[in-house]
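> Numbering (this note's numbering), first residue to last: 7 to 365. Heads up, the beta-carbon is just placed ideally off N, CA and C, and yes, glycines get one too. Pasting a structure below so you can have a look.
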Ligand SMILES: Cc1ncc(COP(=O)(O)O)c(C=O)c1O
């Protein structure tokens, strides 16, 4: 466990667009995802533990559509010089008039690419989703079912990102890369993806307030490249009341913890984990400065711990996947240090899916 005691008093400002919540509400299939009360998990000895259940978000089994949809919309409205209040039909009309052939590009291990493909279909445009060669057929089919054209890249995820970026670049103005991690010279769209995730926190805050008349003051967030955690830190550390952010990673993909310990952005080579969405070796370049200052506690968990927590959460009616269950596994490690009256929010980022049960 890594504890950054300076994060307690660190604050930042948020520049998130006010239009995001209403944009998401305007999308087909939008509704608030449920908030589940998990305070009955007695071993935690905490009075208020809630899980934001992202297992069904606009027809997809993960939170990622929140970021992909907003970033796509903002990038296209900018291209078409439309205001951020333009509706989906106005965007479709603008594309037909000025940018016929506009295509979205993304690389993915699954959830992000599926969300980008869905957004392209909604706007009536094409998408090309680049996947590493080891991505299983059923995940590729799910992307295709959303209308995405899947391109299998001979290589790993990083190679897929490179191919998506280069192909979008070759196409020119009509090739739009919607990638959920930033790198040198590519920062705006990843930032808008981060901004889009804020809807999850807005929903959770009002749901928790209606039950407790209080705001969450301990938030547990799963970390892959750290974009979701960047959104969480920006949201909760810009609001003027103290709050503890706990970041959780798989032991086998602990790039944030290694970076925090060394004080510099550090890549790690990762190993297979049941927490697939968290299997990332490098923190996003725009997330790192925010996480270095704003993450209070960094915790690593094993596959077995995530699996055990998943079973415990099932008893609280949460039918969620291992990345989501990792939050409970982390909370169990930190709970003895917390105020018993804390209001805890676990970000349950994905629904249940098949995985090999760890022994
Ligand atoms: C289910 C799930 N949870 C959490 C994350 C972590 O998000 P990030 O990569 O922004 O840290 C991911 C990333 O893909 C994911 O798929």
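(1) Let me check you understand the geometry: is the CB of residue 356 closer than 7 Å to at least one non-hydrogen atom of ligand 1?
(2) Ends of the beta strand (DSSP E) at residue 58?
(3) Quick one: what's residue 182 bridged to in DSSP?
(4) Taking C-alpha atoms, which residue in 250, 359, 209 and 192 lies nearest to residue 14?
(5) Rounded C-beta distance between residue 179 and residue 77? I'm assuming under 8 Å.
(6) Can you give me the Cβ contacts of residue 150 inside the same chain, cut-off strictly under 7 Å, excluding the 5 residues immediately before and after it?
(7) Note down, in chain order, each residue of its chain lying with its Cβ closer than 7 Å to the Cβ of residue 263, except the 5 sequence neighbours on either side.
(8) Please say whether residue 196 and residue 284 have beta carbons closer to each other than 8 Å?
(9) Please name the residue in 17, 48, 323 and 11 whose C-alpha comes closest to that of residue 242.
(10) Would DSSP call residue 304 helix, strand or coil?
(11) Measure the alpha-carbon distance for residue 260 versus residue 71 and round it to whole angstroms.
(12) Name the two residues that bound the continuous beta strand (DSSP E) containing residue 103.
(13) Which value, in whole angstroms, describes the spacing of the CA atoms of residue 28 and residue 289?
(14) Going by beta carbon distance, what residues of the same chain come within less than 7 Å of residue 23, once the five residues before and after it are set aside?
(15) Label residue 159 either buried or exposed according to how many other C-beta atoms from any shown protein chain fall within 10 Å of its C-beta, with 16 as the threshold for buried.
(16) Excluding sequence positions up to five away, which residues of its chain have a Cβ less than 6 Å from the Cβ of residue 299?
(17) Using DSSP's beta-bridge definition, name the partner residues of residue 250.
(18) Pop quiz: residue 109 and residue 139 are said to be a contact at Cβ under 8 Å. What is the actual Cβ separation, rounded to whole angstroms?
(19) How would you label residue 205, buried or exposed, when you count the other beta carbons within 10 angstroms and need 16 or more for buried?
(20) Can you tell me which of the three DSSP states residue 337 falls into?
(21) Got a sec: does ligand 1 put a non-hydrogen atom nearer than 7 Å to the Cβ of residue 186?
(22) Relative to ligand 1, is the shortest distance from any of its heavy atoms to the C-beta of residue 117 smaller than 7 Å?
(23) How is residue 189 classed by DSSP in three states: helix, strand or coil?
(24) What is the C-beta distance between residue 152 and residue 120, in whole angstroms, given that I count them as a contact (C-beta under 8 Å)?
(25) State yes or no: is the C-beta of residue 329 nearer than 7 Å to some heavy atom of ligand 1?
According to the structure shown:
(1) Counting from one through the chain shown, the residue named residue 356 turns up at place 350. It does: the Cβ of residue 356 is within 7 Å (strictly closer) of some heavy atom of ligand 1.
(2) To locate residue 58, count along the chain shown from 1; it is residue 52. Residue 58 -> beta strand (DSSP E) spans 54 to 59.
(3) As a position in the chain shown, residue 182 is number 176, starting the count at 1. DSSP lists 110 as partners of residue 182.
(4) For the purposes of this step, residue 14 is taken as residue 8 along the chain shown, with counting starting at 1. Of the listed residues, the one whose Cα sits closest to residue 14 is 250.
(5) Here residue 179 refers to the residue found at position 173 of the chain shown. Here residue 77 refers to the residue found at position 71 of the chain shown. Contact doesn't hold; Cβ gap of about 17 Å is too wide.
(6) Within the chain shown, residue 150 is the residue found at index 144, counting from 1. Excluding positions up to five away in sequence, the list reads 156.
(7) As a working note, residue 263 is residue 257 in the chain shown. Excluding its 5 nearest sequence neighbours in each direction, residue 263 has C-beta neighbours in its own chain below 7 Å: 8, 255, 304 and 306, listed in chain order.
(8) Locating residue 284 in the chain shown gives position 278, counting from the first residue. Locating residue 196 in the chain shown gives position 190, counting from the first residue. Not closer than 8 Å, so no.
(9) Working through the chain shown from its first residue, we reach residue 242 at position 236. Ranking the options by Cα distance to residue 242, first place goes to 17.
(10) Residue mapping note: residue 304 aligns to position 298 of the chain shown, counting from 1. Residue state, collapsed to three classes: strand.
(11) On the chain shown, residue 260 is found 254 positions in, with the first residue counted as 1. On the chain shown, residue 71 is found 65 positions in, with the first residue counted as 1. Distance between the alpha carbons of residue 260 and residue 71 is about 25 Å.
(12) Numbered from its first residue, the chain shown carries residue 103 at position 97. Looking at the DSSP string, residue 103 is not in any beta strand (DSSP E); the run it does join, the alpha helix (DSSP H), is 94 to 104.
(13) Looking up residue 28 in the chain shown gives position 22. Looking up residue 289 in the chain shown gives position 283. Their backbone Cα atoms lie some 30 Å apart in a straight line.
(14) To locate residue 23, count along the chain shown from 1; it is residue 17. Contacts found: 90 and 201.
(15) Position 153 of the chain shown, counted from the start, is the residue given in the question as residue 159. Buried, because 16 or more other Cβ atoms sit within 10 Å of the Cβ of residue 159.
(16) As a first step, residue 299 must be located in the chain shown, where it is residue number 293. Residues of the same chain with a CB within less than 6 Å of the CB of residue 299, apart from the 5 flanking positions on each side, are 16 in chain order.
(17) Residue 250 sits at position 244 when you count from the first residue of the chain shown. In the DSSP output, where bridge partners are listed per residue, residue 250 has 224.
(18) Translated into positions along the chain shown, residue 109 becomes position 103. Translated into positions along the chain shown, residue 139 becomes position 133. Residue 109 to residue 139, Cβ: 22 Å. No contact.
(19) Position 199 of the chain shown, counted from the first residue, corresponds to residue 205. Buried, because 16 or more other Cβ atoms sit within 10 Å of the Cβ of residue 205.
(20) Along the chain shown, one-based indexing puts residue 337 at 331. In this structure, residue 337 counts as helix in the three-state DSSP scheme.
(21) The sequence position of residue 186 within the chain shown is 180, counting from 1. Result yes, Cβ under 7 Å from ligand 1.
(22) As a working note, residue 117 is residue 111 in the chain shown. Checking every heavy atom of ligand 1 against the Cβ of residue 117, one is found closer than 7 Å.
(23) Looking up residue 189 in the chain shown gives position 183. Strand.
(24) Along the chain shown, one-based indexing puts residue 152 at 146. Along the chain shown, one-based indexing puts residue 120 at 114. Between residue 120 and residue 152 the Cβ distance is about 5 Å, and since that is below 8 Å, they are a contact.
(25) To locate residue 329, count along the chain shown from 1; it is residue 323. Flag set: Cβ of residue 329 near ligand 1.
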